[in-house]
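See below for the structure under consideration.
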Amino acid sequence: MSFKYKFEKIMHVKEREKDEALDIYNQATRRFEEAATKLYELLKKKEDLDRLQSERLVSGLQVVEMRYQQQFISNLEKTISHYQKRVMNARTQMYYYQEKLAEKMTEYKKYEVIKDKKKMQYVSEMKRLENIEMDDISIQQFIHKEL
1 MSFKYKFEKI
11 MHVKEREKDE
21 ALDIYNQATR
31 RFEEAATKLY
41 ELLKKKEDLD
51 RLQSERLVSG
61 LQVVEMRYQQ
71 QFISNLEKTI
81 SHYQKRVMNA
91 RTQMYYYQEK
101 LAEKMTEYKK
111 YEVIKDKKKM
121 QYVSEMKRLE
131 NIEMDDISIQ
141 QFIHKEL
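With the UniProt record's numbering, the residue at position 43 of the sequence shown is 43, and numbering never jumps.
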């Protein structure tokens, strides 16, 4: 007779929920990383443009060119602001899904611990029954030898 866990189906459902939560969390992490990378690139671009503009001001710069660069930097700042919001939202979502994943993992782990305890009880009960059976066999052999 082999061990059968009575909550096996529930455990499979919890495992599937945990796996789905992990996938969702990984997607949220990927979205956060993409938004953060894009924000970093935009900030780096703005820094480079600011440095270039400072260098060009020293060497001389036409008003039209300066106005064009200011407009470009202004648009870049709007884009940066947009990506800062996206990064904050993506981070919030990532933390939310991280909490959900932790909950699902805890639920699954509870069933896993219960299963392990039940299996240990089953094994110890089987050993106890085997010992009783061995004792009975020994007693029968002893009785047969005496006769």
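We put the beta carbon where it would ideally sit given N, CA and C, even for glycine. On a predicted model such as this, the values are computed, not experimentally measured, just so you know.
- With distances taken between CA atoms, glutamate 17 lies nearest to Glu103 out of Tyr5, Glu103 and Gln84.
- The C-beta distance from alanine 28 to valine 87 rounds to 12 Å, too long to meet the 8 Å contact threshold.
- If you draw a straight line from the Cα of glutamate 130 to the Cα of isoleucine 139, it comes to about 14 Å.
- Between lysine 45 and leucine 76, the gap from beta carbon to beta carbon is short of 8 Å.
- Glutamate 33 and valine 123 have their C-alpha atoms roughly 48 Å apart.
- Here tyrosine 5 carries a coil assignment [DSSP, helix/strand/coil].
- For a cut-off of 8 Å, the C-beta gap from lysine 9 to tyrosine 111 is around 11 Å, too long to register as a contact.
- In the three-state reduction of the DSSP assignment, glutamine 140 falls in the helix class.
- The DSSP-derived three-state label of glutamine 71 is helix.
- Here lysine 109 is not near tyrosine 5, since their CB atoms are 8 Å or more apart.
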